[in-house]
Each structure stands twice: as C-alpha cells, then as structure tokens.
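If you read the sequence shown in our numbering, its first letter stands for residue 490, the second for the next number, and so on. We put the CB at the ideal spot given by N, CA and C, even for glycine. Predicted, not measured: the structure shown is a model, and the values here were computed from it. Only one structure is covered here, and it is reproduced in the block below.
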Amino acid sequence: MKDLKKKRIGLYARVSTEMQTDGYSIQGQLNQLKDYCQFQGYEVVGEYTDRGISGKTTQRPELQRMLKDAKENKLDCIMVYKTNRLARNTSDLLSIVEKLYKLNVEFFSLTEKIEIATSTGKLMLQILASFSEFERNTIVENVYNGQRQRAIEGYYQGNLPLGYDKIPDSKKELMINQHEAHIVKYIFESYAKGHGCERIESQRLCH
C-alpha cells in the first residue's frame, strides 16, 4: 500500500446477524482495523458499520453514507477486515471498488492484503470476490436443502400457524390446538362464502 500516514482512512465493518463470533463481530473487525492503523500511524476519520444486513445487497445505510463521503472527498482510503464484508456478490464488490477507484479513493483488505492500485491486486480482488459469492451461494443452497429434507420428513418449517401447537420434545412436529381450531374453521368457511378480511375479523370479534 502507498504511504497513507497523511491520508484520511474510513473503516467499514458489517455483520449479517447479531450472532457473529467475537472475532468476526462488528467490534472485532473494527478493533483489528484500528490496531493496524495505529501501528502504521494512519489517521482514522470515519467508521461505517452495517449490523444485521446481508452482503448480497448494496442498499445498506452505512455503505451508502461511506460512498457519499468518498464522493464528497472526505476519504482517501477505505479499509475492511475482509472483502466479503463489503459485498458477497462479485459484480457488487467490483462495482463498489471501481467507484472508489474513479473517485481516487484507495481500497485495502486487512486479512487479504489486497489493494487495487496494482493489476495483481485487481486480479486477486476478482478471484476473492468469486470465492465469496460461491461461499454465499453454497450456504443458501445448504439451508434450502436442509429445510426441504425436514419438510419431506414431516417437520414444519417456520413459526407456528394459528390452530396448531408444537408437540413437546419434538423437532417442530405439530398437533391441533383445539381451542384455536374453531377460529381457523370459521375463517375458512367465511372466506369460502365470499366474505372479505375486514368482515371476517369484525364478525369474529362479535362471537
């Protein structure tokens, strides 16, 4: 990386859930980035953190704020703990980095030691972006396959629907809730008669 000792550094961190491990949490990412900047003598002028937001979308409040600050010439370099914190989609990651490059804002990944000022760095970024997208797609596919298999085995997926209770000590097997069953029956019968949602609700409250 070029000498950044007099340049303004923006730190970006993201987690898709609040259940991340400490080393990969928002604070964990920021701590390592700040330690690196302190060791190198760099000046951190901004921290941008998106919590509980997937990397598959670029419509993240703090990401957009960071890009706005970069456009307004408030930053000279963006640092992330890992490239997949910026984006997991290959095209999104490359698009964001290209925007920064055109704004003359450098990009640096701490764990992967990637910078876009060189052709080698750009190539490595493309490779890592592809791996990040592959990893995300694999996770999505595994979750889908797991849910599908559980459904085939007769286990309910999702929150409890009205009219059912979870069988104690079971893995989401359901049984009919007799107290709520008549409500479900009434709703279906009323809808079959052509009644709208508001009428069904008002009539149910009168019963």
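Other residues of its chain near residue 564: CB distance less than 8 Å, five sequence neighbours each side excluded
Excluding sequence positions up to five before and after residue 564, its CB lies within less than 8 Å of the CB of 497, 498, 499, 534, 535, 555, 558 and 594, all in the same chain and listed in chain order.
Taking C-beta to C-beta, are residue 501 and residue 537 nearer than 8 Å?
Their beta carbons are under 8 Å apart, which means residue 501 touches residue 537 by this criterion.
Rounded to a whole number of angstroms, what is the C-alpha to C-alpha distance between residue 574 and residue 504?
Separation of residue 574 and residue 504 (C-alpha to C-alpha, rounded to the nearest whole angstrom) is 7 Å.
Closest to residue 570 by CA distance: which of 521, 541, 588 and 540 is it?
The residue with the shortest Cα to Cα distance from residue 570 is 521.
Please give me, in chain order, every unbroken run of the alpha helix (DSSP H) with length at least 4 that falls completely inside the segment 550-592.
Taking only runs of at least 4 residues, the alpha helix (DSSP H) segments lying wholly in the segment 550-592 are 550-560, 572-575 and 579-591.
To the nearest angstrom, report how far apart residue 511 and residue 683 are at their CA atoms.
With a pLDDT of only 46 at residue 511, under 50, the local geometry of the prediction cannot be trusted, and the value read off the model is given with reservation. Cα to Cα, the separation comes out at about 54 Å.
For a minimum of 4 consecutive residues, which ranges assigned as the alpha helix (DSSP H) are wholly contained in the segment 655-686?
Taking 4 residues as the minimum length, the alpha helix (DSSP H) runs contained wholly in the segment 655-686 are 667-681, in order along the chain.
Could you tell me the distance, in whole angstroms, from the CA atom of residue 655 to the CA atom of residue 662?
Straight-line Cα distance between these residues: approximately 6 Å.
Going by beta-carbon coordinates alone, are residue 669 and residue 651 separated by less than 8 Å?
Cβ distance < 8 Å, so residue 669 and residue 651 count as in contact.
Under the DSSP definition of a beta bridge, which residues are partnered with residue 525?
None, per the DSSP bridge assignment.
Whole-angstrom distance between residue 627 and residue 657, CA atom to CA atom
Between residue 657 and residue 627, the C-alpha separation is close to 33 Å.
Exposed or buried, residue 623, counting other C-beta atoms within 10 Å across all chains shown (16 or more means buried)?
Result: exposed.
Tell me which residue opens and which closes the beta strand (DSSP E) that residue 506 is part of.
DSSP places residue 506 in no beta strand (DSSP E); its state is neither H nor E.
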